[in-house]
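Enquirer: Read in the UniProt record's numbering, the sequence shown has 227 at position 227, and its numbers run on one by one without any break.
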Amino acid sequence: MSPAASRANTPLRVFITGASSGIGAALAREYAAQGAVLGLLARRRDALEALIATLPHPERHRAWAVDVTDHAALARAARDFIAVNQGADVVIASAGISHGTLTERPEDLPLFDSVFATNLSATIATFAPFIGTMKTQAGMRRLVAIGSMAGVRGMRGAGAYCASKAAVHSYAESLRLEMRPCGIRVVTIAPGYIDTPMTSNNRFPMPFLMPAGRFAAQAVRAIEAGASFRVIPWQMGLAARLLRVLPDFLFDPLFARAPQKARKEAA
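#1: Please list, in chain order, all residues of the same chain as residue 39 whose beta carbon is under 6 Å from its beta carbon, the five residues on each side excluded.
#2: Tell me, to the nearest whole angstrom, how far the beta carbon of residue 149 is from that of residue 258; I am working on the premise that it is less than 8 Å.
#3: Quick check: residue 97 and residue 144, are their CB atoms within less than 8 Å of each other?
#4: Out of 99, 75, 92, 12, state which residue places its alpha-carbon closest to the alpha-carbon of residue 60.
#5: Report back the beta-carbon spacing between residue 231 and residue 192 to the nearest angstrom; my notes put them in contact at under 8 Å.
#6: Out of curiosity, what's the CA-to-CA distance linking residue 87 and residue 133?
#7: According to the neighbour-count rule (16 or more other Cβ atoms, all chains shown, within 10 Å of its Cβ), is residue 94 buried or exposed?
#8: Where does residue 107 land, buried or exposed, given buried means 16+ other C-beta within 10 angstroms?
#9: What did DSSP end up calling residue 184 once you bin it into helix, strand or coil?
#10: Flag this pair as touching only if the segment 158–173 and the segment 216–223 have three or more C-beta atom pairs under 8 Å; answer yes or no.
#11: Let me check understanding here. Comparing Cα to Cα, which of 33, 45, 251 lies closest to residue 57?
#12: State the DSSP-derived secondary structure class of residue 62, mapped to helix, strand or coil.
#13: Work out the CA separation of residue 139 and residue 6 for me, nearest whole Å.
#14: Among residues of its own chain, excluding the 5 on either side of residue 227, which ones have a beta-carbon nearer than 7 Å to its beta-carbon?
#15: Measure the beta-carbon distance from residue 45 to residue 73 and round it to whole angstroms, keeping in mind my assumption that it falls under 8 Å.
#16: Figure out for me which residue from 233, 246, 17 has the closest Cα to the Cα of residue 122.
#17: From the DSSP secondary-structure annotation, give me the bridge partner or partners of residue 191.
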């Protein structure tokens, strides 16, 4: 029997951080519609429980109200999910935040720290508790990092977000090489503009804006296929390839005056 066939008749076991809204919630809905058993983690228990109540077979799914920057609590939730479900098939690090930031403003330094803690360090902390168990399993094994189109090139006013997502891309690539010998696939999904609460405050044009549900359906297919890196929607994938090869003498004047995300002003 092949590894993929060994769990063919049992529900997929999926653990998702940042699951209370946006991309994380959309992925939860897509996997639940396909019959998966879900572990959903986010800071807001009320939002998680409200989401679970709308899913097929809500009794199958569990919620953990945890801030992903609390690595010890995150590890406990991961171990709990593994114990209850005898393993995990798909782990998705979807928790993320975005703030407009300016290096020249000293008050923005804590925002840089916060963005990196949530977007990068928490991704590492999400995967770490699962790897040992997944190495012993058969079947589909996926570690999924949610990157961003913003991680392809730096954009003005978004140094924290762009740098954190570029770091996620490089980290996931390193992990992909480490996991290759044991058959665990590391998948990086880089969303373009997706219609979520994170993008709702943007006051600039968002080309190829995609509904979160449609994004989730395409992301789940890419995860199942074990794609190493996938930009969604595909139009933004073309843009990403162009941006990667665009020389600085063209990139800099083209984007130096591009619209930027508003800063979070101090209260």
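Glycine included, every Cβ here is placed at the ideal spot set by N, Cα and C.
Expert: With the structure as the only source:
#1: As a position in the sequence shown, residue 39 is number 39, starting the count at 1. The residues are 15, 62, 81.
#2: As a working note, residue 149 is residue 149 in the sequence shown. As a working note, residue 258 is residue 258 in the sequence shown. Actually they are not in contact, since the Cβ atoms of residue 149 and residue 258 sit about 13 Å apart, beyond 8 Å.
#3: Here residue 97 refers to the residue found at position 97 of the sequence shown. Here residue 144 refers to the residue found at position 144 of the sequence shown. Cβ atoms of residue 97 and residue 144: not closer than 8 Å.
#4: Translated into positions along the sequence shown, residue 60 becomes position 60. Of 99, 75, 92, 12, the residue nearest in Cα terms is 12.
#5: In the sequence shown, residue 231 corresponds to position 231, counting from 1. In the sequence shown, residue 192 corresponds to position 192, counting from 1. With a Cβ gap of about 7 Å, residue 231 and residue 192 count as contacting.
#6: Residue 87 sits at position 87 when you count from the first residue of the sequence shown. Residue 133 sits at position 133 when you count from the first residue of the sequence shown. Approximately 6 Å between the Cα atoms of the pair.
#7: Sequence index remark: in the sequence shown, residue 94 carries index 94 (1-based). Its Cβ being crowded by 16 or more others within 10 Å, residue 94 is buried.
#8: If you number the sequence shown from 1, residue 107 lands on position 107. Classification for residue 107: exposed.
#9: Your numbering for residue 184 matches position 184 in the sequence shown. The answer is coil: DSSP assigns residue 184 none of H, G, I, E or B.
#10: no
#11: As a working mapping, residue 57 is identified with position 57 in the sequence shown. When only C-alpha atoms are compared, the closest one is 33.
#12: In the sequence shown, the residue the question calls residue 62 occupies position 62. It is a strand residue.
#13: Here residue 6 is taken as the residue at index 6 of the sequence shown, counted from 1. Here residue 139 is taken as the residue at index 139 of the sequence shown, counted from 1. For residue 6, the predicted model reports a pLDDT of 38, less than 50, meaning its position is unreliable; a value from the coordinates is still stated below. Their Cα atoms are separated by approximately 6 Å.
#14: Against the sequence shown, residue 227 aligns to sequence position 227. 187, listed in sequence order.
#15: Reading the sequence shown from its first residue, position 45 is the one you call residue 45. Reading the sequence shown from its first residue, position 73 is the one you call residue 73. Not confirmed; about 13 Å, so no contact.
#16: Here the question's residue 122 lines up with position 122 in the sequence shown. Comparing Cα-Cα distances from residue 122 to each of 233, 246, 17, the minimum goes to 17.
#17: Along the sequence shown, read from residue 1 onward, the residue named residue 191 stands at position 191. Residue 191 is bridged to 232.
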